[in-house]
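Worksheet for the structure shown next.
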Amino acid sequence: MANEEGESGPKHLNSSELLKKIDKLREKNIGKHVPLPQLVVVGDQSSGKSSLLASLTKIPFPRDLELCTRYATQITSRREDDRSVEISIIPAGDASLEHRAKVQGFKRTLRGTEDFRSEFPAILKEVDECMGIRTDLSSKEGSVFSKDVLRIELCGPEEDYLTVIDVPGIFRDPTPGITTESDIELVRNMVKNYIKDARTVILAVLPSNVDLATQEILKLAKDYDGNGERTLGVLTKPDLVIEQSAKAALCSLVLGHKRPLTLGYYLVRNQGADQDTSFSGEEGERMFDSQPWNTLPRDRIGIQALRERLGELLSEVTEREFPELRKDIKNQIDSCHQDLVRLGPARQTEQEQRAFLSGIARQFQSLARAARDAHYTENEAFVESDLRLLTHIVNFSDKFSSNFQAKAHMLPFDCPTSDAVDKRQPYNDMNNNPHGNGRHKNCPRGKPDMHAQMAAGDRFSLAQHVNESREGLDPNSFPELEQIVSRVEGTQDPEGDIKAWIEKLYAESRGLDLGTFGNNILCNAFKEQTGKWEAMTRGHLYHKIWSSILDDLLQSYKNAMSQAMFLLSVERNRRPYTLNNYFNHTLQKLRSARVAQALEDNARNINDTWSNAEMKVVDLDAVKKSASDQGNVEHITGEIHDILWSYYQVARERFVDNVHMQAIEHCLLTGPESPLEVFSQEWVINLGSDELGAIAGESQAIKARRANLKQKMEDLKSALQTLKF
1 MANEEGESGP KHLNSSELLK KIDKLREKNI GKHVPLPQLV VVGDQSSGKS
51 SLLASLTKIP FPRDLELCTR YATQITSRRE DDRSVEISII PAGDASLEHR
101 AKVQGFKRTL RGTEDFRSEF PAILKEVDEC MGIRTDLSSK EGSVFSKDVL
151 RIELCGPEED YLTVIDVPGI FRDPTPGITT ESDIELVRNM VKNYIKDART
201 VILAVLPSNV DLATQEILKL AKDYDGNGER TLGVLTKPDL VIEQSAKAAL
251 CSLVLGHKRP LTLGYYLVRN QGADQDTSFS GEEGERMFDS QPWNTLPRDR
301 IGIQALRERL GELLSEVTER EFPELRKDIK NQIDSCHQDL VRLGPARQTE
351 QEQRAFLSGI ARQFQSLARA ARDAHYTENE AFVESDLRLL THIVNFSDKF
401 SSNFQAKAHM LPFDCPTSDA VDKRQPYNDM NNNPHGNGRH KNCPRGKPDM
451 HAQMAAGDRF SLAQHVNESR EGLDPNSFPE LEQIVSRVEG TQDPEGDIKA
501 WIEKLYAESR GLDLGTFGNN ILCNAFKEQT GKWEAMTRGH LYHKIWSSIL
551 DDLLQSYKNA MSQAMFLLSV ERNRRPYTLN NYFNHTLQKL RSARVAQALE
601 DNARNINDTW SNAEMKVVDL DAVKKSASDQ GNVEHITGEI HDILWSYYQV
651 ARERFVDNVH MQAIEHCLLT GPESPLEVFS QEWVINLGSD ELGAIAGESQ
701 AIKARRANLK QKMEDLKSAL QTLKF
C-alpha cells in the first residue's frame, strides 16, 4: 500500500508532468534498476508492428518484408509549441564503458516533420553503425540484433502525450546467412525482460488473418500476466480477412466473447508494405463502416481510438504506480548502501589501503591485548572459547607442569617418607604414598599415584576441548615448520630401578675417589635422568605454535623454540648448580629421613616420666651398627641419588617456569617480537606499495562491484530527485 506522501504526490502533478518525469528516468536507464510504467508493443514477426507504430506515431518506419526491427525503440510524443525531433541511443545495461560512451554520443535533432521523414532512413543506418549491427544483412560483420534502445522524441502542437516501446518481433526459424538460433533466443529474452514487470502494459499485436493459436506472443504474455489484467490485444490486417466466419470470430474477440482480456481488443487497419505514402488513415478506416465491423463499438476500432486509449492507459498506470515507484527507488538506494557497507571501505588507492589495513591492525591489537590479559568482556568475539588465549595458555601450561612433574624423569626416584620432609616440600612432591612403600609419588614404577591424577584432572578437562580442536591441524600443510616443531604422541611413565642404575653408572665412572664421587657422575646422571625433557618441551611448544599458526610468523615461532632449546641446554649440558636454599634444605631433610628409615626397625616406645606422651628411642649400639653396616658403594649410591633428586626438584621447577616465562610468555605473548605484535600499525606504515596492494588491495571483481553499486546509487538518487514534486 502506498504511503501518505506517495498518495498525495501525484495529486500535485498532472498526467503530462508525471509522464515527463518517467521519461526522464527512462533516459537515465533507471528501468534496469526498477520497473517503470510503460507501454510495450510486442508480437511475432510480420504481425504488423511496424505499420502500427507508423500509424500511431506518424514516424515513417521501414515496412519492407525483410527483417526490420532489430533493437528496441522508445517513441515519445510531447505537446509543445515548437516542432522538433530528437533521436538518441540509450546503451544497454550491460554495455561496456567504450560502447556506452560511443552510443551516448549519438545525437540528432531535426526541425520540422518534413526534414524528419526525408532523413529518417539515413539516420537509421547511422544508428545501425553506431550500435555495431549489420547495415547489410548479407554481410557477416556485426551482429543482427542489439540490446541498445533507440530513443525518438517527437514534439509539436498536435502531438499527444504518449510513450510506447517497440521490441523486435519473435521468430521461430533462423534465416540462413542472417539469423541464428542464438538470435532467436536473444529476441525472446528481450521480449520477456520487457513484459515481465507488473508496471508494463503489454500491447500484443495479432494479425487478423492468422490463427491466434499460432501466435507465440499470447503464450508469453500469459506466462507473465496470467489473468490478462495488463494485456491489450491489437488486431491488425482485418482487410485481409475474407471469410464471414473469420470476420465473426474477430468481432467476438473485440466484444469480449472469446479469449477475454481485462483491457480488451482493438481492431485497426494499417498501411501495408506495398502501399504508397498517399494511403491515409481515414481512407483505411472507411472499411469499418461496412458489415460486420460497423456493429462494433466505435471506441474499439481505428487508430485514433487506440491512440486515445493508450494515452489514458499510460496515465492511469503512471499515476497508480508513482508512489510505489518512489518507494522502490528508496529501497534500492538503501540496498545499495548496505551492499557498499558489506564491501567495507574502498581500498583502491594506496592511502585507502593503508588506512584500511591500519584500522584492522588497531582492532587486532585491541583484541590481542584483551585475549592476552583475559579481559574477555571487552569484545563479543570472546564468546567463542577458542579465542580465549590466556585461558588456553594457562590450561596448557598447567597440564605441561603436571605431566613434567609426573613423567619427565627417566627412572622413578627411591625416596624415604618423613613427616618433617613432607611438610616442607612444595607442589606436594613428597606426599605419603598410599601403597605404603615409602617412595615419593614419582618413585613407583608404572603410573603416578591417584592423588596426582585427580589433581591434574580438572586442568586436563579444561583444556581437553582445545586439544581436540587442534587435532584437525595438518602439519603437512606447513612444511616450513618441520624444523621448528614436531608432534609428540605420548610420554611413557618413569620405570626401572634407579639405585641399580646409579650403582652401575658409578661403577663405570669412578676414579681415585676416597669415599666420595666426582662431579662428573652427577652431571651424567642428571643429563640421563632428564632425557625426556627435550621431547616434552617440544611437544609443549608444538601446542602453543599450532594453536595460532600463521604463515608470516615463522621467525617468532623459531625464536620461541630457540629460547626453549637454550633453556634446555643450560639445564642439561652445564654442571648442576643452584643458589636456591631449597636444594640444601631438601637434601638435609632427605638425609635425615633416610637415617630415620634405617633406624625404624630398632626403635621402641617408652613412657616419659614427665609427661603422658609416647616417644620412640633407639639404643646407641643400634645407631653405631647402622652406620657401620653400610658399604662404601651403597653409601655413595645413596648420596648420588639424594643429591640428584634434590637438585632435580630445583632444576625441574626452574626449567618449567623459565619455559613458560621466556619461551611462551615472552616469545609468543608479550615480547616485542611476539606473533601478537607483528601485525601492528607500525608494520602497516612500513609496508611498500606493492606489498600493501597485494595484502589490502581489492580484486578486480570487488572493484567492478563497488563501481557498479556507486553508479547505481548515483542514478537512483538522481531518479528520486527527478520524482520530487
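In the UniProt record's numbering, the protein residues as written are 1 to 725.
Positions of the beta carbon are idealized from the N, C-alpha and C atoms, including for glycine.
Element boundaries [alpha helix (DSSP H), containing residue i]
| i | result |
| --- | --- |
| Val633 | Asn632 to Asn658 |
| Leu255 | Unbroken run through Leu255: none, as it is neither H nor E. |
| Cys336 | Ile303 to Leu343 |
| Glu503 | Ile498 to Ser509 |
| Ala361 | Glu350 to Asp373 |
| Gly693 | Ser689 to Ala696 |
| Tyr582 | Asn581 to Leu599 |
| Thr57 | Lys49 to Thr57 |
| Gln291 | No alpha helix (DSSP H) contains Gln291, which DSSP labels as neither H nor E. |
| Thr180 | No alpha helix (DSSP H) holds Thr180; DSSP gives it neither H nor E. |
| Glu27 | Ser15 to Glu27 |
| Pro174 | Premise fails: Pro174 is in no alpha helix (DSSP H) and is neither H nor E. |
| Ser402 | Leu389 to Lys407 |
| Pro416 | Unbroken run through Pro416: none, as it is neither H nor E. |
| Ile685 | Gln681 to Ile685 |
| Glu677 | Pro675 to Val678 |
| Arg100 | Leu97 to Gln104 |
Expected contact under 8 Å - CB spacing of residue i and residue j to nearest Å
| i | j | result |
| --- | --- | --- |
| Ser47 | Leu206 | 7 Å |
| Arg108 | Cys155 | At roughly 14 Å, the Cβ-Cβ gap does not stay under 8 Å, so Arg108 and Cys155 are not in contact. |
| Lys32 | Val41 | With 8 Å as the limit, Lys32 and Val41 do not qualify as a contact, their Cβ atoms being about 20 Å apart. |
| Glu229 | Glu153 | Wrong, their Cβ atoms sit about 30 Å apart, outside the cutoff. |
| Leu709 | Leu340 | 5 Å |
| residue 728 | Phe145 | With the chain covering only 1 through 725, there is no way to say anything about residue 728. |
| Leu250 | Pro260 | Wrong, their Cβ atoms sit about 14 Å apart, outside the cutoff. |
| Leu590 | Trp501 | Between Trp501 and Leu590 the Cβ distance is about 18 Å, and since that is not below 8 Å, they are no contact. |
| Ser397 | Ile664 | 7 Å |
| Leu387 | Ser556 | With 8 Å as the limit, Leu387 and Ser556 do not qualify as a contact, their Cβ atoms being about 19 Å apart. |
| Arg300 | Leu267 | 7 Å |
| Leu232 | Leu255 | Not a contact, Cβ separation roughly 15 Å. |
| Leu313 | Val201 | 5 Å |
Unbroken beta strand (DSSP E) run spanning residue i, endpoints
| i | result |
| --- | --- |
| Gln721 | It is not in any beta strand (DSSP E) - Gln721 instead sits in the alpha helix (DSSP H) that spans Gln700 to Thr722. |
| Arg79 | Ala72 to Arg79 |
| Gly43 | Gln38 to Gly43 |
| Asp166 | Leu162 to Asp166 |
| Ser88 | Ser84 to Ile90 |
| Tyr265 | Tyr265 to Leu267 |
| Leu150 | Val149 to Gly156 |
| Thr109 | Lys107 to Leu110 |
Proximity test, Cβ basis, 8 Å: residue i and chain D
| i | result |
| --- | --- |
| Glu119 | Absent from the structure: chain D. Only one protein chain is present. |
Residue from the options with nearest C-alpha to residue i
| i | options | result |
| --- | --- | --- |
| Gln338 | Leu723, Met713, Phe145 and Thr722 | Met713 |
| Lys717 | Asn29, Leu18 and Leu19 | Asn29 |
| Glu673 | Ala560, Ile90 and Thr200 | Ala560 |
| Ser402 | Phe116, Glu321, Val656 and Asp601 | Val656 |
| Arg705 | Thr231, Asp289 and Arg342 | Arg342 |
| Ile695 | Thr349, Ile301, His257 and Phe116 | Thr349 |
| Leu235 | Lys125, Leu253 and Leu387 | Leu253 |
| Arg78 | Leu19, Glu119 and Gly112 | Leu19 |
| Gly693 | Glu495, Gln353, Lys703 and Gly638 | Gln353 |
| Gly226 | Lys196, Leu212 and Gln215 | Lys196 |
| Arg70 | Ser143, Val34 and Ala101 | Ser143 |
| Ser315 | Asn524, Gln529 and Val164 | Val164 |
| Glu80 | Tyr161, Ile22 and Ala72 | Tyr161 |
| Asp328 | Val633, Pro35 and Ile702 | Pro35 |
| Thr586 | Asn605, Lys624, Ile643 and His635 | Ile643 |
| Phe356 | Phe364, Ala346 and Gln365 | Ala346 |
| Leu620 | Leu599, Phe364, Ala381 and Ala248 | Leu599 |
| Asp166 | Arg575, Gln38 and Gln244 | Gln38 |
| Arg326 | Ile22, Met565, Leu212 and Ser55 | Ile22 |
Any non-hydrogen atom of the ligand SAM closer than 7 Å to residue i Cβ
| i | result |
| --- | --- |
| Arg230 | Of ligands this structure carries none, so the ligand SAM is not represented either. |
For this session: Jot down the residue ranges of each uninterrupted beta strand (DSSP E) in the region 207-231, minimum 3 residues, whole runs only, in chain order.
Result: none
Problem set entry | Inter-stretch contact at 8 Å, needing at least 3 Cβ pairs: the region 86-95 / the region 159-179 | no
For this session: Determine contact between the region 359-375 and the region 680-688, defined as no fewer than three beta-carbon pairs at a distance below 8 Å.
Result: Under the 8 Å Cβ criterion, the region 359-375 counts as touching the region 680-688, having at least three qualifying pairs.
Exercise. Are at least three pairs of beta-carbons, each pair with one atom in the region 575-587 and one in the region 640-651, less than 8 Å apart?
Worked result: yes
Exercise. Is the region 182-191 touching the region 97-106, taking contact as three or more C-beta pairs under 8 Å?
Worked result: no
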